[in-house]
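Read the structure below first, then the notes.
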Amino acid sequence: MDAISADTVAAVLAGFHQSLIERQFQDFQSTTVDDVCHTAIRIQNEHAETKSLMDMTRLAPFLEFMEEFQTVIGVFTDAPNILAFIWGPMNFLLLAAESWAESFDVVLYSYSELGRSIPRLSPYSLLW
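The numbering used here puts the sequence shown at residues 207 to 334.
Structure (structure tokens):
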């Protein structure tokens with residue numbers, strides 16, 4: 207398998223950057239998996255206070271896959287913060303949907319399905 211070139215990654219990020227306002231780009235660029243987890247915990251705590259808990263553990267399969275993916279992408283590209291552009295939009299979606307129970311449930315369900323549908327990479331770790 208060919209490595210993903212830095213030029214390809216840069217071109218994709220440039221296209222994504224153009225679709226955002228500058229503040230969104232700056233926020234997304236610095237968002238980490240820890241930020242997403244903190245947001246999820248804060249939302250869970252707020253929902254506990256109003257007795258409207260959502261099953262936030264549905265995020266776990268996606269987060270686990272993305273942590274595996276981060277290891278792999280680090281081997282094939284020299285763009286260390288590439289996953290910030292996964293974490294940023296994910297954090298944004300959680301924050302945007304948190305006030306609407308039905309929308310929030312759809313976001314959680316979607317990330318859960320993504321996490322369960324994407325094949326695990328760890329069995330192939332010997333390849334990289």
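The C-beta atom is built at its ideal place from N, Cα and C for all residues, glycine as well.
Quick caveat, the model's predicted, so the values are computed rather than measured.
Straight-line measurement puts the Cα of residue 239 at about 23 Å from the Cα of residue 306. One thing to note: residue 300 has its Cβ no nearer than 7 Å to the Cβ of residue 260. Taken in chain order, the complete alpha helix (DSSP H) segments of 4 residues or longer contained in the segment 263 to 325 are 266 to 282, 290 to 303 and 307 to 323. Around the beta-carbon of residue 227, fewer than 16 other beta-carbon atoms lie within 10 Å, marking it exposed.
In the DSSP assignment, residue 245 falls within the unbroken alpha helix (DSSP H) covering 239 to 255.
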